[in-house]
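Notes follow once the structure below has been shown.
2 protein chains.
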Amino acid sequence: MSDRERYTYMAAVMKALAHPTRLFIIDELEKGPRNVSELTDLVGIDMSTMSRHLATLKQVGIIGYTKVNNQMIYRLLCPCVMDMHKCVVKIKEQEGKRES
Amino acid sequence: MSDRERYTYMAAVMKALAHPTRLFIIDELEKGPRNVSELTDLVGIDMSTMSRHLATLKQVGIIGYTKVNNQMIYRLLCPCVMDMHKCVVKIKEQEGKRES
DNA sequence: TGGCTATTTGGCGGAATGACCAAATATAGA
DNA sequence: TCTATATTTGGTCATTCCGCCAAATAGCCA
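Same order as they appear, the protein sequences are chains H and S.
Each residue of the first sequence is one higher than the one before, counting from 1 in our numbering.
Each residue of the second sequence is one higher than the one before, counting from 101 in our numbering.
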């Protein structure tokens, strides 16, 4: 894998995380599996929009789903995503200490 | 800070990282300070585009600069960003192990 | 089959992104 | 002051994103 490919891949993962709703989804799935309706109700957006957010996260392998009857039960595949949250918090914390 | 604000802030940081060139910039600045021309030559894009990428990273506090004569010397303010890289690598590693 | 529920997909519109070129700005030096 | 160098900013264009609504799809159950 070339450097260019690696950066492109990483950027795709970051991009998948770069939306408030999708970060919320990750936090919520960290508590346990949820179906699309539950997540939709929690966020308060159109279900079609939620479905697309879920597809975005699924596409890069952060979440997965199990089909149960006519429901899609989504779950977090990569808990390490939470480490990123912590890192972002660090960035914020040091914001005040910057020189320039 | 409300949950909604927190997610919005985090998403903004992720978004700033969500581009191959900007990830490259971070890797490069991790080695040491660089001016705009150096980074531009390394990536091979228009200097104006590079300048905007740098502004994006600066805006969320990941990098900073010092003005020396008519040069802008950029440097990494938040080395912890590298931790995120590691996390993304983890996501990639477990890609093969996924069930669905 | 028909109807009900859950979810995804197609399409549209407005906003943001990222590339380039050209022009503006700032600083050093002749 | 004039010129050269380094950087940013304004403008344009094509593409992508993200919201909604409407329609399609899939799986129960009567």
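Even for Gly, the Cβ is constructed at its ideal location relative to N, Cα and C.
- Short of 8 Å from the beta carbon of S:D146, and not among the five residues preceding or following it, lie these beta carbons of its own chain, in chain order: T140.
- Taking the CA atoms as reference points, H:M10 sits about 8 Å from S:L123.
- Nearest neighbour of H:M72 by Cα position, chosen from H:A18, H:K15 and H:R34, turns out to be H:R34.
- When Cβ-Cβ separations below 8 Å define contact, H:H85 makes contact with chain S.
- Annotation for S:A112: V160 place their beta carbon closer than 8 Å to its own, counting only its chain and skipping 5 residues before and after.
- S:L117 is positioned such that its CB atom lies no closer than 8 Å to that of H:M1.
- Chain order gives the chain S residues near H:M10 as L123, H185 and V188, where near means a beta carbon separation below 7 Å.
- Setting aside the 5 residues that flank it on each side, H:T56 is surrounded in the same chain by A16, each with a C-beta closer than 6 Å to its C-beta; the list follows chain order.
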